[in-house]
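Under my numbering, the first residue of the sequence shown is numbered 1100, with each subsequent residue one higher.
Even glycine gets a Cβ: it sits at the ideal position worked out from N, Cα and C.
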Amino acid sequence: MRGCAAAFVLEAAANEQGALKTARKGTSRYEVVVSGKAAHAGLEPEKGVNAAIEAAHQILAIAGLAASVETTHSVLGAPTITPTLLCAGSTLNTVPARAKVSVDVRVPTLATQDRIDDLMRGLTAQTPGARLKVLGGRKRPPMQPESSADLFTLAARIAAELGQEPLRGVAVGGASDGNYTAGAGCPTLDGLGAVGSGAHADTEHVEVAQMAPPRPPARRTDRPDTATDTAAETIDRGGRIPLPPTEPTI
């Protein structure tokens, strides 16, 4: 990012009012892999080490870690540590020999990110014979509000000169490439993309009424404008364009 004056991130706006994203929490991702010992669940379960039970202990321990991190940012709030995915076992009648827990972490400061990393790597097994391995770590640094302050002031002034509604800026828990640019010291303004709602849900959409009107395309008069007609059919009666399914984002 050396030599860059500013970074503009075309992620979706923060809400249906079109607020820009002026601060973001940083992210870390972990996988806690539990190794146990397989055994027949009916004949001799006592000879096994149940990785699923150990994973359950770890989920409860992980869920309680945030309470031990006494950090609340004035803008970005408190950190969150959320167990998200859990898988265990191989067959219905076998004591699980392996389990895995995925963990999503959101942090307001780098110091908090480091503290939580230490706590995650300090997890210990609670089931005799079980073993733990903690994979993953820090991903994105926080995007602090200072990184967007000057650009937001400039954008708000330009919006006022154009007669637009006053701009609003909010802090969010989601992450984007803006975390990287801001972390590298480049002034960053985020959330300049489409306005809509329903992020990551089946109802995710953008509001057509919030878009700048495009210039009408040139049309041939010797045949129907089937492309335009087809595009019009994709817009529902509420003036929304459904978005196609995508891979999970941040």
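Between the CA atoms of Val1194 and Gly1188 - distance to the nearest angstrom = 7 angstroms
Which listed residue (Val1294, Ile1180, Thr1190) has its alpha carbon closest to that of Ala1111 = Val1294
Count the CB pairs spanning the stretch 1120-1132 and the stretch 1193-1213 that are closer than 8 angstroms, and state whether there are at least three.
-> yes
Can the beta-carbon of Val1133 be found closer than 9 angstroms to that of Ala1154?
-> yes
Please confirm whether any heavy atom of the ligand HEM lies closer than 8 angstroms to the CB of Gly1290.
-> The model depicted lacks the ligand HEM and carries no ligand whatsoever.
With a CB to CB cut of under 7 angstroms and the five nearest residues on each side skipped, what residues in its chain are close to Thr1325?
-> Because Thr1325 sits at a pLDDT of 49, beneath the cut-off of 50, its placement in the model cannot be relied upon, and the following sentence gives the value as read from the coordinates. Once the five neighbours on either side are set aside, Thr1325 has no close Cβ partner at all.
Use the C-beta contact count for Asn1149: other C-beta atoms within 10 angstroms, 16 or more gives buried, fewer gives exposed.
-> buried
Between the C-alpha atoms of Thr1170 and Pro1227, what's the straight-line distance to the nearest angstrom?
-> 34 angstroms
Within 10 angstroms of its Cβ, does Ser1247 collect 16 or more other Cβ (buried), or is it exposed?
-> buried
Which residues in the same chain as Ser1275 place their Cβ atom closer than 7 angstroms to its Cβ, once the five residues preceding and following it in sequence are excluded?
-> Val1108, Glu1110, Arg1123, Asp1289, Ile1349
Taking Lys1199 and Glu1303 to be in contact with their CB atoms under 8 angstroms, please state how far apart those CB atoms are, rounded to whole angstroms.
-> Contact flag wrong, Cβ pair sits at about 28 angstroms.
From Ala1106 to Pro1244, what distance separates their C-alpha atoms?
-> 14 angstroms
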